[in-house]
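**Q**
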Amino acid sequence: MSSPISAETVRANYARIQEEVGEGVTVVVATKYVSPDELEVLAEAGVSVVGENRLQDLQAKHGRFAEQFRWHFIGHLQSRKARDVSAVCELVHSLDSISAAKRLTAPALVEVNLSGEETKSGVPRSELASFLSEARELGAEIRGLMTMPPLAEDPEASRPYFRELRELAEEHSLQELSMGTSQDYRVAAEEGATLVRVGSVVFGR
């Protein structure tokens, strides 16, 4: 962050976002660009669930603030790090490989690549059914789905992807939907998100 995070700003923005998405939607505050020292400000502001992208940062921050937050993993999940992530997090948003499913013990959401972008992680829609079946046979606890739409200035551009993910979740009897970030979380909530991942909009950036 270019300047210190203000607890007052975070508290006000966090409350507004919670009101906008409504009850039943968990606001996961993304802490990728938040230093361990700044996490204290988030705790003071009443943030309850944080999402981290990298295992090393997750462990460092959890080491200092373990009991002050509920911890989610929202970054790309490498199979060799799945056990360590599981030891810290109550939910992983980004399961997309069977090798990681073998090692994961925390509940997970399967990341689905609905846009077909080669630069994005995620299971292709056409392979989702077989992936879910194989992951469950390995004992993975799959609670839902996650997706990242193509980056767009207009939040409405994300709506078709969110709608498609919701329909896929219904088709596979999955309850949780992690979709929507700072730019399009309102649209995500309208389309059935149960978790939104927000960062800059919370910090006033």
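First residue of the sequence shown? That's 1122 in our numbering, and the numbers climb one at a time after it. Beta carbons are placed, not taken as given, at the ideal position from N, Cα and C, and that holds for glycine. This structure is a prediction, so every number in the text was calculated from the model and none was measured.
#1: Looking only at its own chain, which residues have a Cβ that is under 8 angstroms from the Cβ of Met1122, when we skip the five neighbours before and after it?
#2: From Gln1296 to Gly1320, what distance separates their C-alpha atoms?
#3: DSSP has Ala1151 in a bridge; who is on the other side?
#4: Give every residue of the same chain whose Cβ lies closer than 8 angstroms to the Cβ of Ser1127, excluding the five residues on either side of it in the sequence, and list them in chain order.
#5: Starting from His1193, follow its DSSP beta bridges and name the residues at the other end.
#6: I need the DSSP call for Leu1249, collapsed to helix, strand or coil.
#7: For my contact list, Pro1315 and Val1146 are in at a C-beta cut-off of 8 angstroms; report their separation, rounded to the angstrom.
#8: Can you round the beta-carbon distance between Glu1173 and Ile1195 to whole angstroms, since I take them to be within the 8 angstroms contact cut?
#9: Which complete beta strand (DSSP E) runs does the stretch 1261-1294 hold, if anything under 3 residues is left out?
#10: Could you check how far apart the C-beta atoms of Pro1276 and Val1308 are, in whole angstroms? I think they sit under 8 angstroms.
#11: Since His1197 contacts Glu1211 with CB under 8 angstroms, what's their CB separation in whole angstroms?
**A** Walking through what the data contain:
#1: Because the pLDDT of Met1122 is 40, which lies under 50, any placement of that residue in the model is unreliable, and the number read from its coordinates should be weighed accordingly. Answer for Met1122: Tyr1154, Val1155, Ser1156, Glu1159, Phe1324, Arg1326, listed in chain order.
#2: 24 angstroms
#3: Gly1172
#4: Val1162, Gly1325
#5: Gly1172, Leu1212
#6: helix
#7: Before going on, a small fix: residue 1315 reads as Thr here, not Pro. Yes, they are in contact, since the Cβ atoms of Thr1315 and Val1146 sit about 6 angstroms apart, within 8 angstroms.
#8: 7 angstroms
#9: 1263-1267
#10: 5 angstroms
#11: Not a contact, Cβ separation roughly 19 angstroms.
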